Amino acid sequence: MRCAILGMGVTGQSMARHLRAQGIDCRGFDERGGAGMTADVTIGPFDADLLAGFDRVLLSPGIAWDHPVLQELRARHEASGRPELLSDLDLFGEQYRGRLLAVTGTNGKTTVSHLLGVLLETLDGGVEVAGNIGQPMLDLLSERHLSPRVVLELSSFQLQRSRPLHVDWAALLNLQEDHLDHHGSAEAYLEAKQRLFRCQREGDYALLPREERFDALAGELAARGVVVRRFGEGA
Numbered sequence: 151m152r153c154a155i156l157g158m159g160v161t162g163q164s165m166a167r168h169l170r171a172q173g174i175d176c177r178g179f180d181e182r183g184g185a186g187m188t189a190d191v192t193i194g195p196f197d198a199d200l201l202a203g204f205d206r207v208l209l210s211p212g213i214a215w216d217h218p219v220l221q222e223l224r225a226r227h228e229a230s231g232r233p234e235l236l237s238d239l240d241l242f243g244e245q246y247r248g249r250l251l252a253v254t255g256t257n258g259k260t261t262v263s264h265l266l267g268v269l270l271e272t273l274d275g276g277v278e279v280a281g282n283i284g285q286p287m288l289d290l291l292s293e294r295h296l297s298p299r300v301v302l303e304l305s306s307f308q309l310q311r312s313r314p315l316h317v318d319w320a321a322l323l324n325l326q327e328d329h330l331d332h333h334g335s336a337e338a339y340l341e342a343k344q345r346l347f348r349c350q351r352e353g354d355y356a357l358l359p360r361e362e363r364f365d366a367l368a369g370e371l372a373a374r375g376v377v378v379r380r381f382g383e384g385a
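If you want this note's numbering, it's the 1-based position in the sequence shown plus 150.
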């Protein structure tokens with residue numbers, strides 16, 4: 151299997167370490183270059199024809215979803231199934247088998263993720279916090295004794311470009327009109343955030359604001375047997 155990594159910042163470098171530790175051939179691509187990049191990173195404009203020759207193209211969060219080359223690769227994938235487009239969250243989900251707790255929202259993600267990690271560590275230990283906070287999530291997989299629980303802080307960018315992942319406990323803190331230049335509309339931004347809950351099942355937990363726009367999601371989750379808790383005015 152041959153993998154290309156688009157964007158060789160912190161997340162891209164963590165994907166490269168993860169793949170190489172498994173003996174998987176990978177090549178990094180970055181349009182600007184920067185600190186920490188090795189000699190095997192191709193610097194310059196992305197080339198759709200070159201990238202289409204890889205089995206998997208792994209996307210760093212900073213790569214715009216509407217990047218012309220990414221649009222071309224998505225079209226080719228829809229037509230032929232190649233290349234497969236994945237994120238670091240997808241790679242993490244392929245291997246991690248512990249309990250996942252995830253936090254998203256426009257504001258407060260980092261604070262709540264940190265506090266949740268501190269609370270769980272204080273209660274009985276055995277927890278790591280990763281994602282947009284702390285170390286890259288893929289670096290956790292290289293640890294000798296992997297924690298049975300991981301708290302992930304996830305952005306709408308990560309959720310939008312990742313396959314739906316089963317999360318045992320998921321929280322959407324709030325939603326304000328932000329990143330609309332990336333998502334295109336408030337509706338698309340909401341849809342990206344709600345992907346966090348798509349694979350939840352009976353016995354899982356979901357925390358949602360008590361706002362009318364989240365009522366449909368709350369009802370859908372409750373119908374699946376997910377334990378839904380609402381917060382905010384009137385909760």
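Here a beta-carbon is modelled for each residue, glycine too, at the ideal position from N, C-alpha and C. Quick caveat, the model's predicted, so the values are computed rather than measured.
Local Cβ density within 10 Å of residue i, reported as buried at 16 or more and exposed below that
i, result
"Glu-352", "exposed"
"Ser-263", "buried"
"Leu-241", "buried"
"Phe-196", "buried"
"His-316", "exposed"
"Gln-326", "exposed"
"Asp-238", "buried"
Contact under 8 Å by Cβ, residue i with residue j
i, j, result
"Pro-211", "Phe-307", "yes"
"Phe-179", "Thr-192", "yes"
"Ala-252", "Ala-202", "no"
"Leu-346", "Leu-367", "no"
"Thr-161", "Pro-286", "yes"
"Arg-299", "Val-277", "yes"
"Thr-261", "Asn-324", "no"
For residue j and residue i, believed in contact at Cβ under 8 Å, the rounded distance
i, j, result
"Leu-302", "Gln-245", "Not a contact, Cβ separation roughly 14 Å."
"Gly-382", "Glu-362", "Rounded, the Cβ-Cβ distance is 11 Å, inconsistent with contact."
"Arg-311", "Leu-209", "5 Å"
Residues that DSSP places opposite residue i in a beta bridge
i, result
"Ile-155", "Gly-178 and Leu-208"
"Tyr-355", "Trp-319 and Val-377"
"Val-279", "Val-301"
"Gln-285", "Ala-280"
Practice task
Taking only runs that begin and end inside the region 176 to 263, name each unbroken alpha helix (DSSP H) of 4 or more residues, in chain order.
Solution key: 198 to 201, 218 to 230 and 238 to 245
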